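So the structure is just underneath, and the comments pick up after that.
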Amino acid sequence: MVILETERLLLRHFYRFDDQAMNRVFGDAEVMRYGDGVQTEAWVRAWLQNCLEHDYPKWGFGPWAVVEKQRREVIGYCGLFYFPDVNGRPEIEIGYRLARAFWGKGYATEAVLAVRDYGFNVLCLPRLIAMIDPGNVASIRVAEKAGMHYEDEVMFEGYTHPDRVYVIARPGR
Ligand SMILES: CC(C)(COP(=O)(O)OP(=O)(O)OC[C@H]1O[C@@H](n2cnc3c(N)ncnc32)[C@H](O)[C@@H]1OP(=O)(O)O)[C@@H](O)C(=O)NCCC(=O)NCCS
1 MVILETERLL
11 LRHFYRFDDQ
21 AMNRVFGDAE
31 VMRYGDGVQT
41 EAWVRAWLQN
51 CLEHDYPKWG
61 FGPWAVVEKQ
71 RREVIGYCGL
81 FYFPDVNGRP
91 EIEIGYRLAR
101 AFWGKGYATE
111 AVLAVRDYGF
121 NVLCLPRLIA
131 MIDPGNVASI
141 RVAEKAGMHY
151 EDEVMFEGYT
161 HPDRVYVIAR
171 PGR
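Take a look at the structure:
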């Protein structure tokens, strides 16, 4: 199911057959540098299964596959994630991760702008956040380009240092 279309990208539901494309994302140490590290193929299959059987039916959103229209290739994910407790309140995060071959082309910004607008205009969410490692300058730039600003830090269990919380409220709120 296609959720969004931008000039160069489609965002659609993931399917089980996206495992090879997502192995290229989750299996790359550079892509996973700010995250939980490289993941196995079994982990990727379970992640896809969770999208299909939990996130989409329960929330109506989740990580969506980012497809480069020209090559018809899945290049990563961009989507929305529910967090029940971020510094004591429930939040919805915009999350994104692209295969390294597709960095530096403006794709993350293009996808994030579309997901942000979908979150506000279609899902009527009051606000969106992005939780970002302070060293992840590319991701911070993407968040800033989407109009998000630094609000706070968050320290999750198992972290060695806090993430930064970037936020944007629905226009007019
Ligand atoms: C973060 C990520 C999604 C950015 O994807 P991208 O498609 O290359 O981003 P864009 O091309 O839209 O670039 C957005 C901005 O960041 C800047 N940028 C990109 N990489 C950068 C880097 N390594 N250092 C500094 N700035 C960088 C770009 O120049 C651009 O800003 P500008 O328009 O002012 O020049 C990509 O690097 C990625 O997947 N990283 C690994 C996963 C990850 O960290 N995800 C985020 C977790 S919070």
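For the record, in the sequence shown the residue sitting at position 60 is 60 according to UniProt numbering, with numbers rising by one throughout. Here a beta-carbon is modelled for each residue, glycine too, at the ideal position from N, C-alpha and C. In this text the structure is predicted, and so the values were computed from the model without any measurement.
**Message:** Shorter than 6 Å, the distance from the beta carbon of Thr109 to the closest heavy atom of ligand 1, or not?
**Reply:** Start at 1 with the first residue of the sequence shown, and residue 109 comes out as number 109. When distances are taken from the beta-carbon of Thr109 to the heavy atoms of ligand 1, the shortest one is below 6 Å.
**Prompt:** Near Asn121, what residues of its chain come up, given a Cβ to Cβ distance below 8 Å and the 5 sequence neighbours on each side ignored?
**Reply:** Position 121 of the sequence shown, counted from the first residue, corresponds to residue 121. Excluding positions up to five away in sequence, the list is empty.
**Asked** Just how far apart, CA to CA, sit Ile140 and Cys124?
**Response** One-based indexing of the sequence shown puts residue 140 at position 140. One-based indexing of the sequence shown puts residue 124 at position 124. C-alpha separation (whole angstroms): 24 Å.
**Request:** Give the DSSP-derived three-state secondary structure of Arg71 in the structure shown.
**Result:** The residue labelled residue 71 in the question sits at position 71 within the sequence shown. In the displayed model, Arg71 falls within coil according to three-state DSSP, outside both helix and strand.
**Prompt:** With burial defined as no fewer than 16 other Cβ atoms inside 10 Å of the residue's Cβ, what is the status of Val142: buried or exposed?
**Reply:** Here residue 142 refers to the residue found at position 142 when the sequence shown is read from its first residue. Val142 comes out buried.
**Message:** For Pro90, report the span of its beta strand (DSSP E) as first-last.
**Reply:** Here residue 90 refers to the residue found at position 90 of the sequence shown. Segment Arg89 to Leu98, the beta strand (DSSP E) holding Pro90.
**Prompt:** Taking the alpha carbon of Tyr107 as the point to measure from, which residue in Asn87, Leu128, Tyr82 and Ala138 has its own alpha carbon closest?
**Reply:** Translated into positions along the sequence shown, residue 107 becomes position 107. Checked all of Asn87, Leu128, Tyr82 and Ala138; the closest Cα to Tyr107 is Ala138.
**Message:** Any heavy atom of ligand 1 closer than 6 Å to the beta-carbon of Val154?
**Reply:** Here residue 154 corresponds to residue number 154 of the sequence shown, with the count starting at 1. In terms of side-chain proximity, the C-beta atom of Val154 is found no nearer than 6 Å to any non-hydrogen atom of ligand 1.
**Request:** Measure the C-alpha to C-alpha separation of Leu80 and Ile129 and round it to an integer number of angstroms.
**Result:** Residue numbering aside, residue 80 sits at position 80 when the sequence shown is read from its first letter. Residue numbering aside, residue 129 sits at position 129 when the sequence shown is read from its first letter. C-alpha separation (whole angstroms): 10 Å.
**Request:** Could you name each continuous beta strand (DSSP E) segment of 3 residues or more that falls completely within the region 34–61, going from the start of the chain to the end?
**Result:** Runs of the beta strand (DSSP E) inside the region 34–61: none found.
**Asked** Between Lys105, Asp55, Ala65 and Val74, which lies nearest to Ile92 when the distance is taken from Cα to Cα?
**Response** As a first step, residue 92 is located in the sequence shown; it is residue number 92 there, counting from the start. Of the listed residues, the one whose Cα sits closest to Ile92 is Asp55.
**Request:** Could you tell me the boundaries of the beta strand (DSSP E) in which Ala163 lies?
**Result:** Numbered from 1 along the sequence shown, position 163 holds the residue referred to as residue 163. Looking at the sequence shown, residue 163 is not Ala but Asp. Asp163 to Ala169 is the span of the beta strand (DSSP E), which, as asked, contains Asp163.
**Message:** Using 7 Å as the threshold, is the C-beta distance between residue 183 and Ile75 below it?
**Reply:** This structure does not reach residue 183, given that the chain is present from 1 up to 173, and the question cannot be answered.
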